[in-house]
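Student: Okay, here's the structure, questions in a sec.
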Amino acid sequence: CAGTDNVDLPTATTLSLTTIHVPSYSPHAVAEFTIGLLLTLIRKYHKSFNRTREGNFSLSGLVGFNLHGKTVGVIGTGQIGLLVAKILSRGFGCEVVAYDLYPNEEMAQEYGFTYKSRDEVLREADILTLHCPLTPSSHHLLDDSTLSLTKPGVVIINTSRGGLIDTKSLIRFLKSGHIGALGMDVYEGEKEYFFRDGSRGVIHDDDLMRLMSFYNVLITGHQAFLSKEALEAIAETSVGDMIRVGRGEKVERLAKSKG
4 CAGTDNVDLP TATTLSLTTI HVPSYSPHAV AEFTIGLLLT LIRKYHKSFN
54 RTREGNFSLS GLVGFNLHGK TVGVIGTGQI GLLVAKILSR GFGCEVVAYD
104 LYPNEEMAQE YGFTYKSRDE VLREADILTL HCPLTPSSHH LLDDSTLSLT
154 KPGVVIINTS RGGLIDTKSL IRFLKSGHIG ALGMDVYEGE KEYFFRDGSR
204 GVIHDDDLMR LMSFYNVLIT GHQAFLSKEA LEAIAETSVG DMIRVGRGEK
254 VERLAKSKG
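In the numbering used here, the protein residues as written are 4 to 262.
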């Protein structure tokens, strides 16, 4: 996997286990999924699909809005964030503003976006998309205080890590109508439910059930990475690194405990 937040690195180190990860196997897959999730929300593809399957071709309630000309805030400009910024700026004609602890001004100029402070991005964005890693400093990046800075009707997309958003705060701002739409491929309590079929069981997570009850929320099961090309890259890189470790050769993608 790209992240190591689900790996007990201190225990692995104690047991002398080598932990290898694949940090950048699917930037295009995740970036493209992000755009697809956003378009589905704002143009209501999913609602239309469900209707037409039942023979309902009414257009009532399907009015969306154009991406062109909207201000999009990108939080985190690693490989995925940069691709998202490029697609939205060069492809859709959005005004893209971004925040990152380590701005890449060269790529900003090439891809047509502008770096601003975090709070400026939150205040200006019609659409906010998260692409930063989950660290102690980014945990609950969006909470009551930061969500209160965003525009009424803001659209929020998270295809990064669930812990970036305080779920309780999210529900409060959805209930108040402040958040216009929400698309999530991740959820901070996803360990109990994602990557398994629970369709015949009961979901005991009240927050997850509440989120899914909102008409303007679309949740997918952490599948943004899941493309043929990404799976091939994961397999090739992982097997290659395991062989190198076995030979005692240097491996660039070793995951190390910060403790």
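All residues carry an ideal CB built from backbone N, CA and C; glycine is no exception.
#1: How many whole angstroms separate the CB atoms of Ala227 and Val100, which I take to be in contact at a CB cut-off of 8 angstroms?
#2: Report the residue from Val220, Leu91 and Pro106 whose alpha carbon sits nearest the alpha carbon of Thr170.
#3: Quick check on the DSSP output: what are the complete beta strand (DSSP E) runs of length 3 or more inside the segment 101-147, in order along the chain?
#4: Taking only runs of the alpha helix (DSSP H) that begin and end inside the segment 22-84, which ones reach a length of at least 4 residues, in chain order?
#5: Between Tyr105, Gly67 and Gln112, which lies nearest to Ala88 when the distance is taken from Cα to Cα?
#6: Please name the residue, chosen from Ile38, Ile222, Val205 and Asp208, that lies closest to Cys275 on a Cα-to-Cα basis.
#7: For His31, which residues of its own chain have a beta-carbon under 7 angstroms away from its beta-carbon, when the five flanking residues on both sides are left out?
#8: For Gly186, report the span of its beta strand (DSSP E) as first-last.
#9: What first and last residue would you give for the alpha helix (DSSP H) that runs through Ile174?
#10: Label Leu185 either buried or exposed according to how many other C-beta atoms from any shown protein chain fall within 10 Å of its C-beta, with 16 as the threshold for buried.
#11: When you compare the CB positions of Ser120 and Leu150, do they come within less than 8 angstroms of one another, or not?
Tutor: The structure says:
#1: Contact annotation, Ala227 with Val100: C-beta distance approximately 22 angstroms; criterion of less than 8 angstroms not satisfied.
#2: Answer by Cα proximity: Val220.
#3: Correct list: 116-118 and 130-133.
#4: Qualifying alpha helix (DSSP H) stretches, in chain order: 30-46 and 48-56.
#5: Selected option, being the one with the closest Cα: Gln112.
#6: Past the boundaries of the shown model lies residue 275; the chain is included only from 4 to 262, so the question cannot be answered.
#7: Result list for His31: Leu86, in chain order.
#8: Note, Gly186: beta strand (DSSP E), Ile182 to Met187.
#9: Per DSSP, the continuous alpha helix (DSSP H) segment holding Ile174 begins and ends at Thr170 to Lys178.
#10: By the 10 Å Cβ count, Leu185 comes out buried.
#11: No; because the gap between Cβ atoms is not below 8 angstroms, this pair is not in contact.
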